[in-house]
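Asks: Going letter by letter, the sequence shown gives residues 1 to 179 in the numbering used here. Note that the Cβ used here is the ideal one computed from N, Cα and C, for glycine as well. Source: prediction; values computed, not measured. The structure follows.
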Amino acid sequence: MANYSISIVPMIENYPQREKKAEEILLWLSLIGAIKTDVSDCTLGKMGYAVAEGAKKIVEFPEELPFDLPICGLEVFTESHIFTSGEKELSTVICPTCKGDIREYFDTQVHLWESTNNFNICCPLCGAIHPIHAFHYEPIWGFSNLGFKFWNWTDFTYQFIEEFEQKLGCDVRVVYEHL
Ligand SMILES: [Zn+2]
C-alpha cells in the first residue's frame, strides 16, 4: 500500500514561539488519547508519535485509521518547510491583486522562501507584495515553520480542525500528500 499523509499547517509562515506551541499541541493530542506519548519510528520522516485509540473520535472514518500499519504516526515540524501534495510543482499560482498566473516565477521564490525565511513575495506582473499564503495555488500546499503531519491517517472531522485552529490561534491549511 502506498503511504500518504495529511498535514495541518498554520497559515502563518513564521509562527511565533513555535517550539512551545508544538509542545502544547502534543500535550493536547496525548491527553485526548489520539497519539502515544513516547516517540517511535512510525513515520517516513523523523521519529514520531504513533496513533492511539482516542484518534477514533477526531476522524470521519475511524475504521480507516492505520492501527495495523508500521507507518502510523504524527511527525512534527518546527523548521521552515514546504508541505506539498506530493507533486513536485504547483500547477497554478494566482496573484491576489492582478489575478495573473505567476507559477514559473513562484517556483524559484518558494525555494528561496524555504532557505531564507523571506516571507513576502513580490508579484512580477503587477508589483504587489503579499505573504506566501495570500496567493491562490493548486494543488494545496502549506508553508510554515510549524506543521503537523499525520502519516496514513484519515480525514479529520470538521470540529477537530476547528479546535486545532483555536489552539493555534489562526486558520490552517490541510495538505494532502500522496507519495
Ligand atoms: Zn500581481
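Whose CB is closer than 6 Å to a heavy atom of ligand 1? List the residues in chain order.
Replies: Taken from the N-terminal end onward, the list reads C95, T97, C98, G100, C123, L125, C126, A128.
Asks: From which residue to which residue does the beta strand (DSSP E) around H178 run?
Replies: From DSSP, the beta strand (DSSP E) with H178 extends over 172-178.
Asks: Could you give the C-beta distance for E75 and G45, rounded to a whole number, given that I count them as a contact under 8 Å?
Replies: 5 Å between Cβ atoms; contact.
Asks: Hey, how far is the Cα of S91 from the Cα of V39?
Replies: Their backbone Cα atoms lie some 36 Å apart in a straight line.
Asks: Name the residue from K21, P70, S7 whose alpha carbon lies nearest to the alpha carbon of F143.
Replies: Nearest C-alpha to F143: S7.
Asks: Apart from the five residues just before and just after T84, which ones in its own chain have a Cβ nearer than 7 Å to its Cβ?
Replies: The residues are W141, E177.
Asks: Helix, strand or coil for P62? Go by DSSP, reduced to three states.
Replies: Helix, per DSSP.
Asks: Note down the Cα distance separating F77 from R18, rounded to an integer number of angstroms.
Replies: Taking the straight line from one Cα to the other gives about 9 Å.
Asks: Would DSSP call W153 helix, strand or coil?
Replies: Correct three-state label for W153: coil.
Asks: Contact check, I181 vs N152 under 8 Å by CB: the rounded distance?
Replies: Any answer about residue 181 is impossible in this case: the structure gives the chain only from 1 up to 179.
Asks: Could you tell me if G169 is buried or exposed, where buried requires 16 or more neighbouring beta carbons within 10 angstroms of its beta carbon?
Replies: Exposed is the call here.
Asks: How should L179 be labelled, buried or exposed, when 16 other C-beta atoms within 10 angstroms of its C-beta is the threshold for buried?
Replies: By the neighbour-count rule (16 or more Cβ atoms within 10 Å), L179 is not buried but exposed.
Asks: Which residue marks the beginning of the alpha helix (DSSP H) containing H130, and which one marks its end?
Replies: Note, H130: premise wrong, no alpha helix (DSSP H); beta strand (DSSP E) at 129-131.
Asks: Can you give me the Cβ contacts of H133 inside the same chain, cut-off strictly under 6 Å, excluding the 5 residues immediately before and after it?
Replies: So the qualifying residues of the chain are M11.
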